Structure formats: structure tokens, C-alpha cells
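S.K.: If you scroll down you'll find the structure; I have some questions about it.
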Amino acid sequence: MAIVPLSEIEMLRRHGPHLAYEPPGGFDGRGEPDRRVKTHCCFCGQQCGVQLLVADEKVVGVEPWEEFPFNAGKLCPKGIKRYLQNNHPDRITTPLLRTDDGFVPMSWDRALEYAARKLREIQSRHGADSVAVLSGASLTNEKAYLMGKFARVALGTRHIDYNGRLCMVAAGAANLKAFGIDRAANPWTDIAETDLVLVTGSNVSECSPITTDYIWKARDRGAKLIVVDPRLTPIARTADLYLPVKPGADVPLMNAILQVVIDEGGFDQAFVEQHTADFDAVREAVASYVPEAVEQTVGVPARRIRQAARMWMDAGKSMLLHARGIEHHTKGVDNVLSCINLVLASGRIGKPGCGYATITGQGNGQGAREHGQRCNQLPGARDIENPQHREHIAEFWGIEEKDLPGKGATSPEIIGLAHEGAVRGLLSVCYNPLVSLPDAGFTREALEKLDFFVAIDFFMSETARHADLILPGSLQEEDEGTVTTAEGRVVHVRKAVDPPGQARADWRIVCDLADRLGGRDKFAFSDPAEIFDELRAASSGGKADYKGITYERIDREMGVFWPCPDAEHPGTPRLFEGGRFAHDDGRARFHPVAYRPGADPLDDEYPTYLTTGRVVSQFLSGNQTRRIGPLVDQCPEPYVEIHPKLAEPLEIGDGDRVRLTSRRGSIDLAARVVSTLRPDTVFVPYHWPGAQSVNRLTHRSFDPIAGIPEFKASAVRVEKC
Amino acid sequence: MLTSTLGFVAEEKRLFVDPQRCIGCRACVQACSECPDHGGDSMIHLDQVDSATSVQTVPTVCMHCDDPACATACPTHAIRKGEDGVVHTAMVERCIGCTNCVVACPFGVPKYDASRDLMMKCDLCYDRTSRDLKPMCATVCPSEALYYGTADEIAERRRGRAVSDFWFGGQQVTTRNALVTPLSVDIVQIADAGADAHSTAQECLEEAIL
Chain A
1 MAIVPLSEIE
11 MLRRHGPHLA
21 YEPPGGFDGR
31 GEPDRRVKTH
41 CCFCGQQCGV
51 QLLVADEKVV
61 GVEPWEEFPF
71 NAGKLCPKGI
81 KRYLQNNHPD
91 RITTPLLRTD
101 DGFVPMSWDR
111 ALEYAARKLR
121 EIQSRHGADS
131 VAVLSGASLT
141 NEKAYLMGKF
151 ARVALGTRHI
161 DYNGRLCMVA
171 AGAANLKAFG
181 IDRAANPWTD
191 IAETDLVLVT
201 GSNVSECSPI
211 TTDYIWKARD
221 RGAKLIVVDP
231 RLTPIARTAD
241 LYLPVKPGAD
251 VPLMNAILQV
261 VIDEGGFDQA
271 FVEQHTADFD
281 AVREAVASYV
291 PEAVEQTVGV
301 PARRIRQAAR
311 MWMDAGKSML
321 LHARGIEHHT
331 KGVDNVLSCI
341 NLVLASGRIG
351 KPGCGYATIT
361 GQGNGQGARE
371 HGQRCNQLPG
381 ARDIENPQHR
391 EHIAEFWGIE
401 EKDLPGKGAT
411 SPEIIGLAHE
421 GAVRGLLSVC
431 YNPLVSLPDA
441 GFTREALEKL
451 DFFVAIDFFM
461 SETARHADLI
471 LPGSLQEEDE
481 GTVTTAEGRV
491 VHVRKAVDPP
501 GQARADWRIV
511 CDLADRLGGR
521 DKFAFSDPAE
531 IFDELRAASS
541 GGKADYKGIT
551 YERIDREMGV
561 FWPCPDAEHP
571 GTPRLFEGGR
581 FAHDDGRARF
591 HPVAYRPGAD
601 PLDDEYPTYL
611 TTGRVVSQFL
621 SGNQTRRIGP
631 LVDQCPEPYV
641 EIHPKLAEPL
651 EIGDGDRVRL
661 TSRRGSIDLA
671 ARVVSTLRPD
681 TVFVPYHWPG
691 AQSVNRLTHR
701 SFDPIAGIPE
711 FKASAVRVEK
721 C
Chain B
1 MLTSTLGFVA
11 EEKRLFVDPQ
21 RCIGCRACVQ
31 ACSECPDHGG
41 DSMIHLDQVD
51 SATSVQTVPT
61 VCMHCDDPAC
71 ATACPTHAIR
81 KGEDGVVHTA
91 MVERCIGCTN
101 CVVACPFGVP
111 KYDASRDLMM
121 KCDLCYDRTS
131 RDLKPMCATV
141 CPSEALYYGT
151 ADEIAERRRG
161 RAVSDFWFGG
171 QQVTTRNALV
181 TPLSVDIVQI
191 ADAGADAHST
201 AQECLEEAIL
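Chains as they are written, first to last, in the working numbering: chain A, 1 to 721; chain B, 1 to 210.
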């Protein structure tokens, strides 16, 4: 029974989150640093270059790294204050065992022995798949590769999945279907060179702030900007056209735009014929999506939809960008495909200033989905259900193909399996499902049912509180490795300092645990570079081919874009040049998609849409950013944005406490009455736990292909407290 | 191309403030507090113009006036303008915390810090710019709403108008730093909050079908 051992107040007192405001020794004691370490931000998928200042073997500050080309010194507030997580009083610095009196220190030797013994006991009693692994997309490529190998070779379970399941898996699945490869099609420099930027479902100003500069560079050259979002976000404020789409109505909107484009002959017939397949099916599918016929469903007047179509047709070059806003739906894959259909019909992809990208949200959202910690994937973005791929990796790992586990459950499904008792043991790293998964009450019940739960973490996350055993891991700046950015650029994260106290690099913990589980010969790595070398070799011949990428090349070339199959290969900043796609026949695929309603419909009792998202000063479940004082001060608690048209009849004024109730539960929040979102929709940011967790309201409904939850459209009732 | 009303030396580096681009992220404020001699405090601030009706935000940095009202109003000569045109923050040994400067500044820049009994304001990152580094705020700003460079450099980069000539009622104030406005804007008018609420985006939102 993995139940939190102490009261909430006592857990907070012992483990935080406490707020750090100053570097070690205070601002006044901060002299010249001993060294500046050129590395990357630990947070989002932009992976901005930054220099960490190190004095007396402690990270004491940051200095912009202007030479790194992607962000040229630019940073958001998280990147500036992230150094305050180092030397934080909440750091876990010894292995911790849960007792009735709270968590008590344990030696590494005993902790590793205990973890291995408990996991093996559960497996011998309930089968290999009764133990699951939850992993994360903030881990380096090296660790992501290691986690996949650890689960399948050391533990022998098929159940490993990661929190990227909450990020861009809908885009990944759609990209694979349409293009035959899952990566942003263009380097971000193509955004600056385009004539029209269409941003849909992406609050780039807060979630990928550096991208705003690329959009403005294009606008400086005269490019137009269309933004599609239920909220008027800062990037939408000055847009040439803003389409306040209803939450979840993305397919009818994009189909209607494509209907007008086809109807008016504004598509690229030659490109469609030479480089794509199945266009006719899409032409037929969108024929009924005449703007006037779907405007009620879309929530945007037909003439605005036609205006968007005309701007799309008039543009010589275009870039379509999207993110979680269209992906976090039970039809996330369909939403993405409807965007790709429009891009393919225009033929504007694979050329300078022309293309398409999902803006990956997590730090290593791209790389962490390529090397085998996803339930359906093996290294090199290989398919775990493809016999040749299985044979190749099994041979590479020196095991029999029959001993390589098959496809496992997605991470939300793993929580479901724990809830029903099929998964009894859990190892987690870099994942805080109690805050990040939908229906937090269900997640808590699932965690409480586990027979044994071991968490690798640097802070006591809300999920780690439920662990039987906590193994103190490393922050990003305490280990070496690579990550792959939203652009598909592999960059080098440099170690700045050692982990504090007895904390260890995550990869070392995992290798030590593998050793105890009897997998010594296959996990005998002495540093991350050795893991990277094995990853490179394993990826060779796969779609995400890293063979030609080395730490030295990354440092020299400021990152290398995959695929890069050998040392002489220059890397591939732009995919699909010359209209060559990654399917065997070289053609991209159109996919007809039809509108489906969401899984949590509005009714008289729950008449309002709830949509969730980020604020710029917090990151994901907040396990790190809720401990950094200046970031917390910027947005101390969640709130609910309500339009005056919704607020006034309910007599809700700005700042009033408001109760939001869904079919799962209720939370109380302060109202922000603003006329900058749809009147039928409320918005709540998702970074907070417990009584402030908006995921108490969201629902466990998933895209049938990608398994991504429908965070962006729940039905709620709004009341004044 | 950026047209300019700047009446100053073209090669001089200055801050350009472009509120159109501001995304309200506060990177500028957080970065300012990291400057070595700021003791963790920011010398600039960021305001929401009218949060009920708009997501517009604006960073406020010192404009470094040619004839700074803050210095003129200071009874103890604690605020000094250097030969390079930089208006410095109040000298600790002279400032008496009278807040004359706070009242005098037409841009609302100086802030009185009660805990230190001292006026503090942006000094154009003197410790960085004197070492040929850009100010922290303009280095990190994700959207280049704050840009540090010469008039020529910014003219090459963007459309708009650089304004360093302001009228507050009958009083003219010329500044070293400049505001970037859309080309369609000739004169920066100080209007009531919300008076300019009808951008294209807001019109689009009002048309939403529920």
C-alpha cells in the first residue's frame, strides 16, 4: 500500500516545496565564477543554449550564451532562474525508505538490494509484466535509451512508457502516417523566411517563447500571421487573422479551409500528383465541409474561415506550426492529419521557408521518443511490432528475439493497470503522474494500490511521496548527455557540477539496479558517452539514425540534425527536400478525417468547456519550478480565466473564488474575468497539485491511436463559491 | 524598413522598446535581477496595460532622457547623467529617499525601495555595456521587444518607427532610448486604458459563434 506516510503539513515541512530565491552565499557574496559551462536549459523543447556560472563547485547563476544559434542568448524566465534548483534545500541527498514516521535515510547498498529483491518478488509471483516502468521526456537521449533497455532486458517487462505520452504523441503518430517519419520537418530558420505563419493550438508566447522571435523575423519581412486558439494569447494579439476556434473543433476548421482551397483551385496539382498518395479520398472527405455549413461547429464565422483560406492560397511560402492545443484530444491524431492535409495540398514543404512542425513541448520530447522508452518503440525509432526491427535490436542487445518483450501499455494505461491490480510494482523516473495525468483522484487510488513503488527523483514530487523507496537522482546540470530539440537538432548537455550528497547520476542508479537484477554484462557503462556510443550504433539503419553524431561534432557544429548516418554526413536540418518523403515509395499520404465530438460532452449540468495549459513561469508538473521563488512569485497559484459574458450572469467578479465542477470532481480557484477567451470556455493552468490541481477535473479519455489524453476539452460547471 | 525620428548619433547603441512584440514573460525583469550589482533586485518592471480586456504588456526601462527630469528634481544631486548620456541610479550616499524623482519622471521609471531608503532605476546595465556586453534584459528578451543596438542595426531588421521624441502635454522630452511603434503611428498618444481595445484579434473574438 503506497500511501503517503505523513500529514500534508508535515510532508510540506520536511520535503517542500520550499522557495529558493538566492544563489549559495547570497547575491552579495557572488563573486566571479570559477567557470562558465556552455549547456542548455533543462526545461522545454526549445533547449535554449545558456551558460551556467559555477563557483566553489556550485551553480551560482547564468549568463546568456549568444553564440548558440537557436536562441542567440534569448531566454525565458525559467531559463534565467533555473539555476536556483541547484543547492536547493529540498534536494533528496540519500536513498529514503518510507516508514510510519516518514522517510528515513538508507544506504545505497541496502536500497538497491531492497529494490531489486522487491521487484523480482512481485515478478516471480505475478509475472514479468506485473512490474512497470514510467519514464520521462526530460531525460537525455542516453538515459531514454537506457530506460528502454533496462525495462526490456534487465526487468523483462513489456510495460515501459513515458510522460511524452502527454506531450506530442498525437503529432508523432500523425507524422508517421503522413510522412513516414516523426520529426519537425524544418529547422526554425525556415519560419523566419516564410510568407505566412499559421499557428494553431500553440500558446507560443508562454510555452515556446523563443519561437515568437522567429515569427516576428518573418513578419518583419512582410509575412502574415494567422493564429487559431480558443484564447487570445499574446502571439494572437497582433495577428493578421485570429480564429477563436471552439475547443476540439480543429478538424472541421482545417477541413473547411482545405475545402475552399480545393474548390477555388488553390492547391498544387503537380506536387500532389508527383509526391503524394490518396488525395482524392481527402478531396471527397472535405467536400461537405463548406465553411457556411460548419461555422456553428467550428465556432468561427464562415467569412473568417474563407479569409484564412484565401491568405493560405495567396502565400508563396508558408509554415504551419501546432502544439498541444490540437493534440490533447481524443481526436488528436485526426486534428494533426487535417493540418498536414492542408500543407501537402499546397505542396509547400521541404523547401526553404516552407514546411510544417509540431512544437515539441518537453525538454527532450523529440529524442526521448526515438530510442526505446516508448511502449511501442525500439531504438532508432524502430517499431517493436515489426519482426525485422525486433530481430535487429534483439541481436544488437545479445538476446533472443523471443525474449524481447512486445508492445506494452501507454503510461496512462499503466496507471489503469495499477488501479485494477495487474501492475503491482512500479519504478518511475522523471514522471509526476499524480499532477500530470487526467483524473488525479484515479491516479492517487492507483498509486495507493501498488505493492512496491520505487521512485528515482531529485525532489520529493507529489508522486514520489507515495513511494516505498526513493533513490536520489541527478538534475540536468549534474550529468552529461545529449538531447534532441524541437527542431530535430541533437545538442550537448554538459555536466556543470556533481550531484549533492549521496545523490547519483540517474544512469548510474539504473545500471546499478540492472546489475542487482542480474544484467551486469549488458549495463557495464562507465560514462554517458559509452551509452551514447551504444545508442548511435543501435540507431544505425533506423529512421532516427544518430550513427554519425558525436559529442565532438555537436560541440563543433552547434548541434547536428538527425538523420545523420555517418561521420561524413552533414546532418539533415530540413526533411523532405525535393518532395521525397520517408515512406518506402517516397510519397506522403493524405488521410481523410471527419469530425468527431469529444469524449466529455457539454450538457445542461456541465455547460462550459474547460481547457488547460501552461504559464510561462512554470514547467509541467512544477516539481522543479514550484521550488524557485522568483518563478513562483510570477504566478503563485492557478486561476480560472472567465469571459465577462459567462461571469456576469453568475455574479462572478474579478478575483472572486469560483468552484469548477466536472463529472470527476471540483476545485476552487480565483477568477480572472477577462474578455480574451471564448465566452463558452474557461481556462486553468495545470502545474499545481492537490486541491489546486485542474487534473481533478479532466477525464481519462484517450486518442485511440496515440493514447494522448483529452486535456483540452472537458465539460464543467462554473459557480461562485 | 524602420523609419526613424531619432536625432542622435547613428552608431551609438541604445535600447529600443517595441511593445507590439512584448509577450509579458518577464524574462527582462528576471534577467535584470541577475546583474552582478543588483543584489537580486530588478531595476526595470513590466506592466499589464489592462488585463481585463487585453493581454498587452509593456516593459518599462529607463529611457535615459537628454534632460532627465529625475535628476533635475533631485534636491541632493544624487542622480547623475554621465558624459555617455546614461542617467545613473541614485548614489547611495546622497539619496535621501524623498521620491521627487519618482513623481517627476514622465515614464514612471524610478522606484523607491523603502527597505534600502534608496531610489533605484535602470542604468542601461552600465557594468555590462561598459564591458561591451548587451544589457541583460535585451539579451534575453525572447521576442526582441527589448533590443539593444544602433539605429542602423534595428532599421535593417524591422518595420516600424523609432520614436525618441515625446510630448507630455506641452512638454517635450527627448531620450537616448527609443520606442518602436507601427509605421501607421505618427504620434504616441497617451490614452485611457482600453480605449484602443479593438485590434483585429479582438474583433475576431467578438464574432465567435457560441
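Yeah, the Cβ is synthetic: ideal placement off N, Cα and C, and Gly gets one too. These figures come from a predicted structure and were not determined experimentally.
Name the DSSP bridge partner or partners of valine 103 of chain B?
M.R.: According to DSSP, which records beta bridges pairwise, valine 103 of chain B is partnered with nothing at all.
S.K.: Could you tell me whether any Cβ in chain A is nearer than 8 Å to the Cβ of threonine 53 of chain B?
M.R.: Answer yes: the Cβ-Cβ gap between threonine 53 of chain B and chain A drops below 8 Å somewhere.
S.K.: Just checking my contact of glycine 473 of chain A with alanine 503 of chain A at CB under 8 Å: how many whole Å lie between their CB atoms?
M.R.: Confirmed, about 6 Å.
S.K.: Give the residues of chain B in contact with threonine 698 of chain A, contact being defined as C-beta atoms less than 8 Å apart.
M.R.: Within 8 Å Cβ-Cβ: nothing; threonine 698 of chain A doesn't reach chain B, min ~22 Å.
S.K.: Tell me which residues of the segment 29-59 of chain A have at least one Cβ-Cβ distance to chain B shorter than 8 Å, keeping chain order.
M.R.: The residues in question are Arg30.
S.K.: Mapping DSSP to helix, strand and coil, what is cysteine 339 of chain A?
M.R.: Cysteine 339 of chain A: helix per DSSP, three-state reduction.
S.K.: Can you check DSSP and say which residues form a bridge with lysine 720 of chain A?
M.R.: Answer by DSSP bridge pairing, in chain order: A:Val658.
S.K.: With distance defined between alpha-carbon atoms, name the residue in A:Arg717, A:Gly372, A:Thr297 and A:Ile415 nearest to arginine 700 of chain A.
M.R.: The candidate whose alpha carbon is nearest that of arginine 700 of chain A is A:Ile415.
S.K.: Hey, does glutamine 172 of chain B have any beta-carbon neighbour from chain A nearer than 8 Å?
M.R.: No - not a single Cβ of chain A is within 8 Å of the one on glutamine 172 of chain B.
S.K.: Counting only Cβ pairs nearer than 8 Å, list the residues of chain B close to arginine 304 of chain A.
M.R.: By Cβ distance, chain B contributes Cys204 and Glu207.
S.K.: For the putative contact between leucine 96 of chain A and isoleucine 470 of chain A, defined by C-beta atoms under 8 Å, what is the C-beta separation to the nearest angstrom?
M.R.: Yes, leucine 96 of chain A and isoleucine 470 of chain A are in contact; Cβ-Cβ is about 4 Å, under 8 Å.
S.K.: Against chain B, does glutamine 618 of chain A count as a neighbour if the rule is that its beta carbon must be under 8 Å from one of theirs?
M.R.: No, no contact with chain B.
S.K.: I'd like to know whether the C-beta of serine 219 of chain B is nearer than 8 Å to at least one C-beta of chain A.
M.R.: As displayed, chain B neither begins before 1 nor continues past 210, which places residue 219 of chain B out of reach and without an answer.
S.K.: May I ask which residues mark the beginning and end of the alpha helix (DSSP H) holding isoleucine 326 of chain A?
M.R.: Element bounds for isoleucine 326 of chain A: 324-327.
S.K.: When you check each C-beta in the segment 147-166 of chain B against every C-beta of chain A, which residues fall closer than 8 Å?
M.R.: Listed by position, the residues of the segment 147-166 of chain B near chain A (Cβ gap below 8 Å) are Arg157, Arg158 and Arg159.
S.K.: Under the three-state reduction of DSSP, which class applies to histidine 492 of chain A: helix, strand or coil?
M.R.: Note: histidine 492 of chain A maps to strand in three-state DSSP.
S.K.: For a test of the three-state rule: what should DSSP assign to asparagine 86 of chain A, helix, strand or coil?
M.R.: Three-state result, asparagine 86 of chain A: coil.
S.K.: What are the start and end residues of each continuous beta strand (DSSP E) run of 3 or more residues lying completely inside the segment 454-491 of chain A, in chain order?
M.R.: You should have 469-472 and 481-484.
S.K.: Does isoleucine 23 of chain B pass the burial test, meaning 16 or more other C-beta atoms within 10 Å, or should it be called exposed?
M.R.: Label assigned to isoleucine 23 of chain B: buried.
S.K.: Counting pairs of beta carbons, one from the segment 387-404 of chain A and one from the segment 212-222 of chain A, are three or more of them closer than 8 Å?
M.R.: Judged by Cβ distances under 8 Å, the segment 387-404 of chain A makes no contact with the segment 212-222 of chain A, as fewer than three pairs qualify.
S.K.: Just to confirm my understanding: we take arginine 36 of chain A, look at its own chain, exclude 5 residues before and 5 after, and list those with CB closer than 8 Å. What are they?
M.R.: So the list reads Gln51, Leu52, Leu53, Val54 and Glu63, once near-sequence residues are dropped.
S.K.: Give the list of continuous alpha helix (DSSP H) stretches no shorter than 4 residues that lie fully inside the segment 39-69 of chain B.
M.R.: With a minimum length of 4 residues, no continuous alpha helix (DSSP H) run stays inside the segment 39-69 of chain B.
S.K.: Taking the alpha-carbon positions, what's the glycine 222 of chain A to isoleucine 154 of chain B distance?
M.R.: Whole-angstrom Cα-Cα distance: 16 Å.
S.K.: Taking the C-alpha atoms as reference points, what is the distance between histidine 371 of chain A and valine 493 of chain A?
M.R.: One C-alpha to the other measures close to 17 Å.
S.K.: Kindly indicate which three-state DSSP category cysteine 354 of chain A falls into: helix, strand or coil?
M.R.: Correct three-state label for cysteine 354 of chain A: strand.
S.K.: Please state whether DSSP places alanine 128 of chain A in a helix, a strand or coil.
M.R.: Alanine 128 of chain A falls in the helix class under three-state DSSP.
S.K.: List the residues that DSSP assigns as beta-bridge partners of isoleucine 160 of chain A.
M.R.: Isoleucine 160 of chain A is bridged to A:Val133.
S.K.: List, in chain order, every chain A residue whose beta-carbon is nearer than 8 Å to that of leucine 210 of chain B.
M.R.: The contacting residues are Gly299, Arg678, Pro679 and Asp680.
S.K.: Mind checking which residues open and close the alpha helix (DSSP H) that includes lysine 217 of chain A?
M.R.: From DSSP, the alpha helix (DSSP H) with lysine 217 of chain A extends over 210-220.
S.K.: Determine the contact status of proline 644 of chain A and serine 675 of chain A, defining contact as a CB-CB distance below 8 Å.
M.R.: Yes, the pair counts as a contact, with Cβ atoms nearer than the cut-off.
S.K.: Verify whether the separation of the beta carbon atoms of leucine 631 of chain A and proline 24 of chain A is less than 8 Å.
M.R.: It is not a contact, given that the beta carbons lie outside the stated cut-off.
S.K.: Check each residue of the segment 94-108 of chain A: if its Cβ is closer than 7 Å to any Cβ of chain B, include it; give the result in chain order.
M.R.: Those residues of the segment 94-108 of chain A that come within reach of chain B (Cβ to Cβ, closer than 7 Å) do not exist; the list is empty.
S.K.: Against chain B, with Cβ distances strictly below 8 Å, would leucine 134 of chain A count as a contact?
M.R.: Cβ-Cβ to chain B under 8 Å: no for leucine 134 of chain A.
S.K.: Could you confirm whether any beta carbon from chain A is found closer than 8 Å to the beta carbon of serine 184 of chain B?
M.R.: It does not; no Cβ of chain A falls within 8 Å.
S.K.: Do we get a CB-CB distance below 8 Å when we pair lysine 407 of chain A with the residues of chain B?
M.R.: Cβ-Cβ to chain B under 8 Å: no for lysine 407 of chain A.
S.K.: Is serine 143 of chain B close to chain A? Criterion is C-beta to C-beta, closer than 8 Å.
M.R.: For serine 143 of chain B, the answer is yes, since a Cβ of chain A falls inside 8 Å of its Cβ.
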